[in-house]
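The structure appears below as structure tokens.
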Amino acid sequence: MRWFAALLAAMLLAAPATAQNSIAPTPAAPDYAEVSLADPVKEKQALALMDNIRCVVCQGQPVSGSNADLAGDMRRIIRERIGAGETPEQVRAWLVSKYGAWVSFKPPLEPRTAPLWLVPLLALAIGLWLLMRRLKWDRLKGAKS
Amino acid sequence: MKRGLILWLPLALILMLFAVFWVGLHRQENHDIASQMVGKPLPLFTAPAALPGQPGAATADFRDGKPRLLNVFASWCVPCVAEVPVLMRLKAMGVEVVGIAVHDTAPALDQFLARNGNPYARIGSDDQSRIQLALGSSGVPETFVIDGQGRIVKQHIGVVGEGDVPELLAALGQKP
Amino acid sequence: MIAEAGLAALWFAAALALAQLVLGAMATSDARAALRASIAPVAVVQALFVAISFFCLIAVFARSDMSVLLVAANSHSAKPMIYKISGTWGNHEGSMLMWVAILGVAGATIALFERKLRADTKVATLAAQGAIALGFYAFLLIASNPFARITGVIEGQGLNPLLQDPGLAFHPPTLYAGYVGMSAAFSFAVGALVTRNVGPEFARAMRPWILGAWIFLTIGITAGSYWAYYTLGWGGWWFWDPVENASLMPWLAATALIHSVTVLATRDGLRAWTIMLAVLAFSMSMVGTFLVRSGVLTSVHSFAVDPQRGLFILELLAVYIGGALTLFALRVGTVSEGTRFDPFSREAALVANNLLLTVILIVVLAGTLYPLALEGFTGAKISVGAPYFNSVAGPLALVLMLIMAMGPMLRWRSDRPGLLLRRVAPAVVVGAIALALLIALAGPIGILPLFGLTVAALVAVASVAPLWKRNLTRTPLFTYGMVIAHLGCAVSIAGMASEGAFTKENLVAVKVGETQPIGPFAVTFAGLRELPGPNYAALEGVLLVAKGTGKPFIMAPQLRQFRDPPMLTNHAAIRTFWNGQLYLTIGEKEIDGRWLLRMWWKPFVTLIWLGGAMIALGGALALLGRVRRDLFAGRRVGAPA
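Protein chains in written order, with our numbering: chain A, 1077 to 1221; chain G, 63 to 238; chain L, 5 to 645.
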């Protein structure tokens, strides 16, 4: 595997060099709309965030799974910002400041979203209460006393 | 009696659900995503000229006291053709329209403007939707009203029709 | 003429459904034996007519009869035959016709094969089935006529290329068989309420029908997940999308139901609750149909939608679900509660299972509909997706798994905590070892995957425990079914957690000749070639893949440019290994001579669907075991009335 890693390193180093040599004004950096960040930790953070950001054109899909141009542009911005050292939550907040809470699949914790958590809790409480009524505890109580 | 009441609970819940469905069916069909930037200063950007013959656009251009329209469009966008005549009319009324061309090329843009007319005072090129994202714009065409201090006053999503003109003029502080 | 025949058959079927309802309503008293005898044949003939109608629609699609509006709008003569046929249900009207066809067939099957149910309850059940069918026939005939004609069309508009896949031939029919098969549970519940007949006998009669529907539902969801995984080209297998949630909700209710019905059959407990779940399971199916067909929610999965139709379905829901729940509230009070349970008993574990399944169902329902409610009442737009569902339903599901591990080890009636502890000890030890190993070796993989894998290991051991020290040849088939289904849950959870924790992704831009790594593989971009397809042109990337120093093999993802309708689709190349799948796609764009390559290595991802298949297989074995036992019992003591 070592020769392979060496080859890979050589290729990564070579890529910007060739780009600089050519006269065309093509950017040397990879296009982060479609290409992973070099740092695997940051790439993982970026991917996790992309799964959570809604594509504004195609609406139903996350930007990580959409072929729309604008989704690619959103992926690029996300990778660039995370690559530049922002945390995923900072990038999420930036996108929310542009498009509102709608753009994030993670609902904000606010009074207006409270029912999302209260309804299951309430259901669990009612269920437990009904369950308790259906159990007979006599035998256990009897065993203890 | 307690048990009796709880038996009606499922029905009550399902009726609540149906109320939500009913409201959902009757709401205005609205897939627009409003920009949160309305009321805030125009984000900083410098867009290179999309065409050789016309200047590009930058945030600084919007701070000279004159309200303007910022129109996000593209030559590949079919509905965009429909609003060009309206934008031309606004131009004739003295409104300055600044274009932001998204994912566009100079030849395609040239052809688009030659065929439909050119209402734009300047056209900035936005290759990677950076300006579009900074504006909180989610598609083309969209039109923003920017006041003389460089603040976003209004967002219009979709094609600008004849009927939208008075509202846009009002936002621009201009009399029809 | 085929289209007119189909429409006529649909009208006949609707008339017979009405007859079935009226006959059933008149024949509830024992005195009217002749009326009672006539209802089963009516149900069978109704099914026959709706089946004829459905086959007529398939025929016009197969013949590409462009004088039928639906064919012209959704098909194309140049499509391969299999997609012409499966395209029949790749649209709104066709899929609704399939829906009622399955409903009709379910009713006929009950009429023909249900022997254990008390006669008056069976009549009421069939009447309820007729009532449901009648409403949906009305919906088709009034608001969604699949046989409407059009003139002057020479060629059709074609089918969405994403649907031109064997998945369409398989996924909707199985899913619908499950969705609509649940109508049996609903009708049984209504029949039982009307005739005040809720008890173990009733539960034993209902059980095979809900097991059957649940098996189809399980297969349909599993197949749909795999279909989305390979066809959308991004490697995702579940999106918590409204349409997916719509299929998950009836499954959750039905899973709770097949467990509670066991309590009712064995211990005569949970009477009201079982009836409630039977109503709920099919109600969720109808709500799902409404969500998918009305377009109230935006979804990844594209469907043609129309709010007017949505209103029609909503009215049907209000009548059926509202009616059934009113009947429930009025009648179930007269049904005695049944026996109470000891806290340490199998029935208590099953009740806990029901509670958790129901809460998970409520989480899915709330998460799916709350954005709609909030926007409807306040105008605010929010999105609820994977982060919410995973963080709320995930832990509940893991607790459910633990209860599932313990349940089969508990005795009915009452058990001793100490004995239970001894029985679960091996599984707990295995789980603890798995947890320790994962923390030591796997690195940071996230809380949910970590506990997912731990629980999977624990449940895998616990689920085979019921076979421990048993005579395997004398163990009843339904016990094997339970073991395999529970093991399937462990397998599926392991796949989900592994996919979440260990997936490797590498997105690169490559020139011909370049090599890039993905997981344990090295992928070399050898070039591109053009290939003609039946109704598309494909651009195929030729990728040489090697693992270490092993022999390289070729994988060839494609871009397919379809002509009718014009659309570019991305066809992934997937290779399955014993320990995972390599998933490669090629991007749409070429930039400076570089092609975009998206590569995923997904360790043990196949376990997700293998587990789903095992759950369905377990259900099938349980069904077979029950039916066989009934048949033998019937032969020994003479067929019960």
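Note that beta-carbon positions come from the ideal geometry of N, C-alpha and C, so glycine has one too. Just so you know, these numbers come straight off a predicted model, no measurement behind them.
Residues sharing a beta bridge with residue i, DSSP
i	result
T113/L	T113/L pairs with nothing; no bridge assigned.
H93/G	In DSSP, H93/G forms no bridge with anything.
S187/G	A163/G
G545/L	L532/L
H575/L	Q562/L
K508/L	W605/L
Closer than 8 Å to chain L by CB, residue i
i	result
F135/G	no
I76/G	yes
G1203/A	yes
L73/G	yes
L113/G	no
G161/G	no
F83/G	yes
V1195/A	yes
Cβ neighbour criterion (16 or more within 10 Å) applied to residue i
i	result
N583/L	exposed
L159/L	Reading the sequence as shown, one finds Glu at residue 159/L and not Leu. So E159/L counts as exposed.
P569/L	exposed
K88/L	buried
A74/G	exposed
G94/L	buried
G545/L	buried
W472/L	exposed
K555/L	exposed
Contacts of residue i in chain A (Cβ-Cβ under 7 Å)
i	result
L132/G	Neighbours of L132/G on chain A: none; closest Cβ ~15 Å, over 7 Å.
I386/L	A1177, W1178, P1183, T1189
Closer than 7 Å at the beta carbon, the chain L residues around residue i
i	result
G86/G	V300, L376, G380
Under 8 Å from the C-beta of residue i: neighbouring residues of chain A
i	result
I95/G	V1132, Y1175, G1176, W1178, V1179
Within chain G, partners of residue i - CB distance below 7 Å
i	result
M405/L	Residues of chain G passing the Cβ test: none, with the nearest at roughly 27 Å.
A322/L	F80
Cutoff 8 Å: residue i Cβ touching any chain G Cβ
i	result
L1123/A	no
R1168/A	no
L1146/A	yes
A132/L	no
M100/L	no
M571/L	no
G552/L	no
I1158/A	no
I1154/A	no
Assumed close pair residue i, residue j - CB separation to whole angstroms, cut-off 8 Å
i	j	result
G299/L	S496/L	About 31 Å separates the two Cβ atoms, so there is no contact after all.
K1212/A	F345/L	7 Å
L378/L	R1188/A	7 Å
S137/G	L171/G	5 Å
L256/L	V368/L	7 Å
A131/L	L25/L	5 Å
C60/L	A9/L	5 Å
G380/L	V221/G	Wrong, their Cβ atoms sit about 27 Å apart, outside the cutoff.
A501/L	L457/L	5 Å
V527/L	W599/L	V527/L to W599/L, Cβ: 12 Å. No contact.
Neighbour list for residue i in chain G, Cβ cutoff strictly below 9 Å
i	result
M1150/A	S191, L195
Cross-chain neighbours of residue i in chain L, by beta carbon under 8 Å
i	result
W70/G	A333
R89/G	E379, G380
A1199/A	T362, V363, I366
V1111/A	L511, V512, A513, L600
CB contact below 8 Å: residue i versus chain A
i	result
S200/G	yes
W238/L	yes
N164/L	no
H165/G	yes
Q217/G	no
I595/L	yes
P391/L	yes
F345/L	yes
Proximal residues of chain L, C-beta to C-beta of residue i below 9 Å
i	result
G66/G	A333, G337
Proximal residues of chain G, C-beta to C-beta of residue i below 8 Å
i	result
L280/L	Looking at the sequence provided, one finds Met at residue 280/L rather than Leu. Here the neighbours are P72.
T330/L	L73
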